[in-house]
Each structure stands twice: as structure tokens, then as C-alpha cells.
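Protein sequence lines correspond, in order, to chains A and B. Read in order, the letters of the first sequence are residues 444 to 557 in this note's numbering. Read in order, the letters of the second sequence are residues 22 to 134 in this note's numbering. Even for Gly, the Cβ is constructed at its ideal location relative to N, Cα and C.
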Amino acid sequence: DSGVTQTPKHLITATGQRVTLRCSPRSGDLSVYWYQQSLDQGLQFLIQYYNGEERAKGNILERFSAQQFPDLHSELNLSSLELGDSALYFCASSVQGSTNTEAFFGQGTRLTVV
Amino acid sequence: GESVGLHLPTLSVQEGDNSIINCAYSNSASDYFIWYKQESGKGPQFIIDIRSNMDKRQGQRVTVLLNKTVKHLSLQIAATQPGDSAVYFCAENRAGGENKLTFGTGTQLKVEL
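Encoded structure:
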């Protein structure tokens with residue numbers, strides 16, 4: 444167990460809908476990272492938050508947004524969902540704000556858009 | 022373009038043999054590299070990391086080698102066990118202000134009994 448908790452584990456929704464994925468980082472970790480993993484691609488970095496503020500941005504679509512709350516948990520919001528958004532979404536956390544350090548991954552949320 | 026890639030998508034080894042998983046990167050400015058292991062249905066698990074000022078780092082049954090001249094990274098697993106069966110990803114952190122890990126596409130390691 445990495446100590447990073449993601450909910451829900453599975454999510455099935457229809458195209459055009461909006462979903463929210465939740466992540467609770469390890470105790471004491473200030474950074475949260477979101478990654479997308481689809482069948483035809485590896486892990487794609489989406490966005491990072493550090494102590495409540497956006498720290499780095501990857502190839503995150505405009506339909507997607509995230510935030511980190513004062514208690515350091517994070518939510519990833521996916522809207523106007525398309526079939527191609529079906530993927531595993533992972534959250535990772537680390538103590539520091541830099542990725543030059545070990546990050547611990549959650550078990551992921553499997554999103555299926557039908 | 023810049024990329025982190027793996028040479029072999031699938032590697033099959035006999036139990037007890039040593040495994041070597043390779044990774045190439047193209048950005049000479051990358052200064053931090055990590056190997057992750059991902060078992061089916063689970064999130065990536067940190068195995069070992071190495072910084073660009075090192076050529077070799079050893080962990081428990083694992084060794085990472087970094088060759089900056091040819092921009093090559095390898096993960097060696099000694100006495101491979103069935104529990105080592107998983108997908109292995111290399112990831113790099115690119116220096117120069119970017120603060121994100123870039124992952125390779127992964128190598129499936131299959132351990133045969």
C-alpha cells in the first residue's frame with residue numbers, strides 16, 4: 444500500500460458527462476500529480492499541485508481541470524467526456540515540489556466512457 | 022522530438038536468471054531517472070532512481086546503470102522471480118524548469134518457471 448488513496452476505483456459514464464476523481468496523498472506529502480494511462484500510450488503527465496497551488500502542467504486538455512484543497516487532497520474534473528477519455532487515471536504524491544524525488548502512486552481510477 | 026523510449030516491448034526470462042531492461046532517452050539535459058514497476062491492476066511502484074552525476078546505483082536485487090554518453094539507462098534484476106513479472110517503466114525528469122516526469126512506453130517482463 445503506497446498510502447495514496449484514489450476514489451472511485453471504477454467509473455462508467457456516458458459521453459458528454461462530467462466526472463470528478465479524488466485523490467488523498469500520503470500523510471505529509473505536499474505535492475500531488477495526476478497522470479493518464481491509456482492502452483495505446485504510456486503514463487502521460489497531466490498536472491501537478493504543490494501545497495494548494497498549480498506547480499506544473501502537462502498535456503492536460505482544456506476540458507480537464509484540477510485543484511488541491513487546504514487539506515491537500517486533490518480532485519481531477521473531467522468534463523464533456525469523449526470515448527477517447529477512457530483510461531486509467533493515476534494520482535501520485537511526494538513530499539517535495541520537485542519531481543527529482545520519489546513519488547508514490549495510488550491504485551488508479553479506471554474511467555470508461557460509453 | 023524529445024522522447025523516452027524502451028528498446029523491447031516484451032522480455033521473457035527464466036526464473037533465476039538475470040533480467041536486463043533497457044531504456045533510451047533523447048534529452049541530454051535530463052538529470053534524474055526513475056524505474057517503476059507496474060503490476061496488473063495496480064499503480065506504478067518505485068523501484069530505484071539515479072541522478073545524472075552517477076553511473077550506477079544498486080538496490081536490493083536491482084541495479085540501474087546510466088550511460089550519459091549514449092543516453093541509455095538500464096535496469097538489471099538479479100535472480101528474477103515470478104513476482105517480478107510486471108511492466109517496467111523508465112521515467113526522466115527534464116532539467117530546465119520543467120517539473121514533470123516523462124515516462125517511456127514500458128517493457129513487459131515475463132518470468133517463465
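Rounded straight-line distance, which links the Cα of residue j to that of residue i
i, j, result
"residue 98 (chain B)", "residue 461 (chain A)", "43 Å"
"residue 106 (chain B)", "residue 40 (chain B)", "11 Å"
"residue 51 (chain B)", "residue 74 (chain B)", "11 Å"
"residue 452 (chain A)", "residue 553 (chain A)", "6 Å"
"residue 525 (chain A)", "residue 129 (chain B)", "29 Å"
"residue 444 (chain A)", "residue 103 (chain B)", "20 Å"
"residue 546 (chain A)", "residue 537 (chain A)", "5 Å"
"residue 504 (chain A)", "residue 481 (chain A)", "15 Å"
"residue 29 (chain B)", "residue 64 (chain B)", "For residue 29 (chain B), the predicted model reports a pLDDT of 47, less than 50, meaning its position is unreliable and no value from the coordinates is stated."
"residue 101 (chain B)", "residue 471 (chain A)", "34 Å"
DSSP bridge partner residues for residue i (one or two, in chain order)
i, result
"residue 70 (chain B)", "B:55"
"residue 113 (chain B)", "B:54 and B:123"
"residue 78 (chain B)", "B:85"
"residue 36 (chain B)", "DSSP lists no partner for residue 36 (chain B)."
"residue 556 (chain A)", "A:456"
"residue 100 (chain B)", "DSSP output for residue 100 (chain B) lists no bridge partner at all."
Residues near residue i in its chain [Cβ-Cβ closer than 7 Å; skip 5 each side]
i, result
"residue 500 (chain A)", "490"
8 Å CB neighbourhood of residue i in its chain, flanking five on each side removed
i, result
"residue 498 (chain A)", "474, 491, 492 and 540"
C-beta contact flag for residue i and residue j at 8 Å
i, j, result
"residue 57 (chain B)", "residue 67 (chain B)", "yes"
"residue 94 (chain B)", "residue 44 (chain B)", "yes"
Nonlocal neighbours in the same chain, by C-beta distance under 6 Å from residue i, ignoring five residues either side
i, result
"residue 24 (chain B)", "Because the pLDDT of residue 24 (chain B) is 46, which lies under 50, any placement of that residue in the model is unreliable, and the question is left without a value."
"residue 31 (chain B)", "129"
(request) Quick one: which unbroken beta strand (DSSP E) runs of 3-plus residues sit fully inside the stretch 472 to 550 of chain A? Chain order, please. (result) 474 to 480, 486 to 493, 496 to 500, 507 to 511, 517 to 521 and 530 to 537
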